[in-house]
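A.B. asks:
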Amino acid sequence: MRSAGLDLVKWLAMLSMLADHLRFLWPGADGLFIVGRLAFPLFCLALALNVQRSAASVWPAPNSGRYLGWLLAFAVLSEGPYRWLDTGSQTLNVIPTLALGLLVAWGVHHAQAGARVLAIGAAVFAAFYSEQLMYGLPGVLLPAAVLIAYRQGGAAWLLPSLLAMAGNLTNSWLREHPLQPLALLVLTTAALAVPLGVLLVRQAHWPAPRVGRWGYGFYPLHLLVIKGLQGLTW
119 MRSAGLDLVK WLAMLSMLAD HLRFLWPGAD GLFIVGRLAF PLFCLALALN VQRSAASVWP
179 APNSGRYLGW LLAFAVLSEG PYRWLDTGSQ TLNVIPTLAL GLLVAWGVHH AQAGARVLAI
239 GAAVFAAFYS EQLMYGLPGV LLPAAVLIAY RQGGAAWLLP SLLAMAGNLT NSWLREHPLQ
299 PLALLVLTTA ALAVPLGVLL VRQAHWPAPR VGRWGYGFYP LHLLVIKGLQ GLTW
């Protein structure tokens, strides 16, 4: 069943990601980097809400394999465009982090042994290869933290915000300069992303175009377009 609020979250995630990557055209635009910190936590929120919509008593859910398959396919398809645009990156593109996050979220939402084993395996893998994953282990745990927050409420909502901040601290500059004004703005934006997304999810009366499977393709395609524009401006 379509959720207009969830579509709003997806649109804000994609637009803030686009803003972040426009820094490759305007490297001095620090404001774009700040806005871009909304993107990953919002994608994690959308992922968690999709998991939450499936019956906890049924695993694998009817669409589980398809959902994971799309993520894995575009993780592979996006790596080339990502490397082409961000030649100095030390991590994989963002989708492997989301795919591992999906596995961990399954283990939180579903009590079946298979889901729990996959979740533990994904978390252990992420712990060992945290430096190769965008946003590292905190990013992998973020969707599961959103599910826990929805389940527990109250102070549990601090967990996704703290993990969003921790994920950004995998950036070496932010980690080495956490009290710089730019770093404080970045970390605050990351911390507020999930609460902002939760508010948007509740806005069912706000019309938003549906984000379907074309959203997967937006990631590699927008990287290619920005790289092409970069070639025109240099």
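Using the numbering used here, you'd call the opening residue of the sequence shown number 119 and step up by one each time. Here a beta-carbon is modelled for each residue, glycine too, at the ideal position from N, C-alpha and C.
Closer than 7 Å by C-beta to Gly154: which residues in its own chain qualify, once you throw out the five before and the five after it? Chain order, please.
C.D. replies: Ser134, Met135, Ala137, Asp138
A.B. asks: What's the call for Trp177, buried or exposed, on a 16-neighbour Cβ count within 10 Å?
C.D. replies: buried
A.B. asks: When we look at the beta-carbon of His228 and count the other beta-carbons within 10 Å, is it buried (16 or more) or exposed?
C.D. replies: buried
A.B. asks: With respect to the alpha helix (DSSP H) encompassing Gly285, which residues constitute its N-terminal and C-terminal limits?
C.D. replies: 276 to 286
A.B. asks: My output table needs one value for His323: the three-state DSSP class, helix, strand or coil.
C.D. replies: coil
A.B. asks: Expressed to the nearest angstrom, what Euclidean distance is found between the alpha-carbon atoms of Gly206 and Val235?
C.D. replies: 35 Å
A.B. asks: Does DSSP put Val212 in a helix, in a strand, or in coil?
C.D. replies: coil
A.B. asks: In the structure shown, what three-state DSSP assignment does Ala267 receive?
C.D. replies: helix
A.B. asks: Go through its chain and collect everything with a Cβ distance to Leu251's Cβ below 8 Å, but skip five positions before and after it.
C.D. replies: Thr209, Leu210, Pro214, Thr215, Leu218, Ala244, Gly257, Val258
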